[in-house]
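Worksheet: one structure, shown below.
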Amino acid sequence: GGNGEEENREMENLETENKYLLTSFSRAGSILPPLRSAFRCVTGDEPSLSTMHQHHVGNVDYVWFTPCMSPGRTKNGTAAGEKIHVLLEPVRALQPPPLKHIPFGLPCPGWPSDHLPIAIDFHVRVVEA
Numbered sequence: 003g004g005n006g007e008e009e010n011r012e013m014e015n016l017e018t019e020n021k022y023l024l025t026s027f028s029r030a031g032s033i034l035p036p037l038r039s040a041f042r043c044v045t046g047d048e049p050s051l052s053t054m055h056q057h058h059v060g061n062v063d064y065v066w067f068t069p070c071m072s073p074g075r076t077k078n079g080t081a082a083g084e085k086i087h088v089l090l091e092p093v094r095a096l097q098p099p100p101l102k103h104i105p106f107g108l109p110c111p112g113w114p115s116d117h118l119p120i121a122i123d124f125h126v127r128v129v130e131a
């Protein structure tokens, strides 16, 4: 039906946007860090929905993170010339409300936006290498 075709079109648009971003970064000479979905790391899946209005019901919002960043050598906080790593670990996710709380879509009195909040708590560790 039409719903499957719409989902396929949305996926194609998302793939095209991602290819554009990758191409833009490549042209700029940047190396992309490995990105992971924080919500998926905590819950095992993406949120069931983050928006609900007449044109779309589903998830369109994500929290991406890089698990380990190596800012290089530093003088602040460690001995001069020591290398540090910043490790991020998502530990808790704010779940979307049950659909029974938003029966007529968004925005509504309890959520005045057409997007629901998603949030992740991270544990941050700095490790000397």
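Note that the numbering used here gives residue 56 to position 54 of the sequence shown, counting from 1, and the numbers run on in steps of one. Ideal placement from N, C-alpha and C gives every residue a C-beta, glycine not left out. The model shown is predicted, which means the values in this text are computed figures rather than measured ones.
Alpha carbon to alpha carbon, how far is residue 114 from residue 52?
By one-based count along the sequence shown, residue 114 stands at place 112. By one-based count along the sequence shown, residue 52 stands at place 50. When rounded, the distance between both Cα atoms is 13 Å.
Please return the same chain residues whose Cβ sits closer than 6 Å to the Cβ of residue 118, not counting the five positions on each side in sequence.
What you label residue 118 is simply residue 116 of the sequence shown in a count that begins at 1. Once the five neighbours on either side are set aside, the close Cβ partners of residue 118 are 52 and 98.
Among residues of its own chain, excluding the 5 on either side of residue 129, which ones have a beta-carbon nearer than 7 Å to its beta-carbon?
As a first step, residue 129 must be located in the sequence shown, where it is residue number 127. For residue 129, where only same-chain residues beyond five positions count, the Cβ hits under 7 Å are 86, 87 and 89.
What's the C-alpha gap between residue 47 and residue 39?
Translated into positions along the sequence shown, residue 47 becomes position 45. Translated into positions along the sequence shown, residue 39 becomes position 37. If I take the Cα positions, the gap works out to 9 Å.
Under DSSP, the alpha helix (DSSP H) around residue 45 begins and ends at which residues?
Counting from one through the sequence shown, the residue named residue 45 turns up at place 43. Where residue 45 is concerned, the enclosing alpha helix (DSSP H) stretches over 40-45.
Quick one: Cα of residue 123 to Cα of residue 42, how far?
Your numbering for residue 123 matches position 121 in the sequence shown. Your numbering for residue 42 matches position 40 in the sequence shown. Their Cα atoms are separated by approximately 13 Å.
Closest by CA to residue 61, which one among 127, 126, 116 and 125?
Looking up residue 61 in the sequence shown gives position 59. For the residues 127, 126, 116 and 125, the minimum Cα distance to residue 61 belongs to 116.
For residue 35 and residue 106, the rounded distance between their alpha carbons
By one-based count along the sequence shown, residue 106 stands at place 104. By one-based count along the sequence shown, residue 35 stands at place 33. The straight-line gap from Cα to Cα measures roughly 40 Å.
Could you please give me the residues that DSSP links to residue 116 through a beta bridge?
For this step, residue 116 is matched to residue 114 along the sequence shown. Paired residue(s): none; residue 116 is not in a bridge.
Starting from residue 92, follow its DSSP beta bridges and name the residues at the other end.
Position 90 of the sequence shown holds residue 92. Per DSSP, 124.
In chain order, what residues of the same chain have a beta carbon less than 6 Å from the beta carbon of residue 22, not counting five sequence neighbours either side?
For the purposes of this step, residue 22 is taken as residue 20 along the sequence shown, with counting starting at 1. Note that residue 22 scores 49 on pLDDT, short of 50, meaning its location in the model is unreliable and no value can be drawn from it.
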